[in-house]
Each structure stands twice: as C-alpha cells, then as structure tokens.
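Quick note: the sequence shown uses our numbering, first residue 49, plus one each step. By construction, the Cβ of each residue, glycine as well, lies at the ideal position given by its N, Cα and C atoms. Only a predicted model underlies this, so the values are computations on that prediction, with no experimental measurement involved.
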Amino acid sequence: MAMAPRGFYLACLLLGSLGFLCVLFTTYWAQRWRGGLAWDGSLHMFNWHPVLMVSGMVLRDGAASLVYRLPQAWRGPRLPWKALHAALHLVAFVVTVVGLVAVFRYHSHAGVPHLYSLHSWLGLSTVVLFACQWLLGFAIFLLPWASLWLRSLLKPLHVFFGATILALSMASVISGINEKLLFSLLSQPPSVTSRKNATVPYQSLPSEAIFANSTGLLVVAFGMLVLYVLLASSWRRPEPEALADTQPLLCERA
C-alpha cells in the first residue's frame, strides 16, 4: 500500500479537530447567546441556519474533497472512492439545503424579505454552484458512459470549482457571522460608559462578539488547511505509472 507523508496524517488530525470545534462553537453560540434551536418558525429556528451551513458547506464539503488524498485510494478500483466522494458531497448538500429551509421559513414567518443582503446572494450562489458541480461530477466521473478524453478535459475544471466552492463557502459563513452580529448587537440600546462616551454593544466588543469572531477564524483556518492539503503536490494521488498500477482499464474508467 502506498504511504503518504507523516505530515498528511497530522494535517488530517488537525482538520478533524478544527472541524469539530467549528461545529461546537457555532452550536454553543446559538445556545448560549441566541436562545437555542427550534423548528417552529421563530428566531430559534433561524439558529439552525448557521449550525447546518457550517456543518454542510464547510465541514462535510471539506472532508469529501479530501477522499482522493487518502493513500488507500491510490491503488485498486477507483469506483468505491468515487462513490464515497459523491456520497459525502451529497450529504453536505442535503444538510446545506435544510439550513436554507430554516432561514427561508423564518423569514416568511417573521415577514423579513428574502435575499436582501450580499451574504444571502453569495450563499445562494455557492449552493447553486455546489449543485451544478455535483450533478456534473456524477454524470461525467461516476457514470461509465463518459470517455477518458472527456474526463481528462473536465477534471481540471472539476478540481478548480471544488476549491472555489469551498472558498465561497468560507466567505459566506464569515459574512453571515458578521451580519448576524451587526443585526443582533447593534440593535440593542447603547451602553453608556461615561457621560461623554457612549458605545453600542458591538463596538465595545462584548463576549458574544469575541466568541463569534473566534468561530469565524476557526472556519477560515479549517478551510485554508483543506485547500493546502488539496494543493500540496506531494500529497496528491500519484500517476498510474508511478504506482505501477496493473488494474484493468475498466476499473480505471469506473
């Protein structure tokens, strides 16, 4: 079995820790400062939106992108790994759609207009691009009809848009965190620290702002590490010649 550098496994361990902390911090933020989670059309239903978007668009999408970096995927038939890659992305997409349902249902219940902010435009564009990427990948790389020439032609684009979608997901999460802090904290009455100096809560950097900003940094760190693992040439799947792969052509096309 082909061996990956020790640094790869250390990166995977760090990624798992960062991903767990991203979801944990987002959930704790919703529970501690935003009143918890519910599915009743209230503001508590909105809190599912950041939790599910971080879990789907960032964590599971990032994990699915790294399937082909596993040394176990370097030899033998590629079909099981392609199926796992597609399945993880599908789970990420379903979780993301549920997160969208939560925010759209809350907006409808509260009478808030849909898609009025840059965050919402960016997030929805990312989800649509995600869906198109999955459908194209399923049709071209998982189903057996496409020729090797067509797959070779589209593979660089598939890899590029995969990394782009992850970067857009991070941007959507960061802008969403910032937007939520602005709406939640700036709408509170200003706290007067002296007769001549009054500050609004967000500008005085309360504990919620510190925690949410830290959550955003964790998301950025996770995404950047995923992109690094994807782009590190020494951790990419070697070419078939380097592996001395003798698998049948049918398996390679699968």
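Could you have a look at R82 and say whether DSSP puts it in helix, strand or coil?
-> coil
Worksheet entry | Beta-carbon proximity of S267 to C60, cut-off 9 Å | Correcting the residue type first, residue 267 is Val in the shown sequence and not Ser. In this structure, C60 does not lie closer than 9 Å to V267 by Cβ.
*Tell me which same chain residues have a C-beta within less than 7 Å of the C-beta of P128, skipping the five on either side of it?*
none
inquiry  = So, with DSSP's three-state summary, where would you put H162?
reply    = coil
| task | Identify the continuous alpha helix (DSSP H) that holds W283 and give its terminal residues. | result | Premise fails: W283 is in no alpha helix (DSSP H) and is neither H nor E.
**Residue of T75, W87, H167, A211 minimising C-alpha distance to F231** = H167
Check for me: the alpha helix (DSSP H) holding L91 runs from which residue to which? 91–94
Do L63 and L114 have their beta-carbon atoms positioned less than 9 Å apart in this structure? yes
How long is the line joining the alpha carbons of L273 and R285, rounded to whole angstroms?
18 Å
Closest Cα partner of V139 within the set I222, A179, W197, L202: A179
TODO: Please go through the same chain and pick out, in chain order, the residues whose beta-carbon is closer than 6 Å to the beta-carbon of M93, but skip the five residues on each side of it.
DONE: A86, W87, A150, Y154
request  = Using three-state DSSP, classify S195 as helix, strand or coil.
outcome  = coil
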